[in-house]
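Residue numbers (our numbering): 409 to 531.
Quick reminder that beta carbons are idealized off the backbone N, C-alpha and C, glycines included.
Written below as structure tokens is the structure these notes are about.
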């Protein structure tokens, strides 16, 4: 697997929430495939998300970080090989609440660093 192109965007137009969208074009042995995913979390969780991202970006092998706040059940961790790790942002919101369900974005470490810069501007 190889990433040809990858980008992310932040949407904070829904009051009280932040959404991270990730798009990528990935080359698999069977061809190129576009991939996209999103994760929503409550704006009140932003300080925790930025701190957890900073820790994962700064140190390879950082332990999985978890928190439950409001209706968010967040996890930020790292996966993949040391030369090219991914930072994963996972949230599971209960059924019946705004932006319900299990959501995951996986970002290359360089893209996660850009995302962290953008998120820190929102705090």
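Curious, which full-length beta strand (DSSP E) runs of at least 3 residues does the segment 426-485 contain?
439-450 and 473-477
Do you know how far the Cα of residue 528 is from the Cα of residue 420?
Here residue 420 refers to the residue found at position 12 when the chain shown is read from its first residue. Here residue 528 refers to the residue found at position 120 when the chain shown is read from its first residue. Their backbone Cα atoms lie some 13 Å apart in a straight line.
Simplified DSSP assignment, three categories, for residue 414:
As a working mapping, residue 414 is identified with position 6 in the chain shown. Note: residue 414 maps to strand in three-state DSSP.
Close-in-space but distant-in-sequence residues of the same chain around residue 443 (CB under 6 Å, 5 per side omitted):
Translated into positions along the chain shown, residue 443 becomes position 35. Hits under 6 Å: 432 and 434.
Counted within 10 angstroms of its Cβ, other Cβ atoms place residue 535 as buried (16 or more) or exposed
Nothing can be reported for residue 535: it is not among the residues displayed for the chain, which extend from 409 to 531.
Helix, strand or coil at residue 520 [DSSP, three-state]:
As a first step, residue 520 must be located in the chain shown, where it is residue number 112. In the structure shown, residue 520 sits in a helix (DSSP, three-state: H, G or I).
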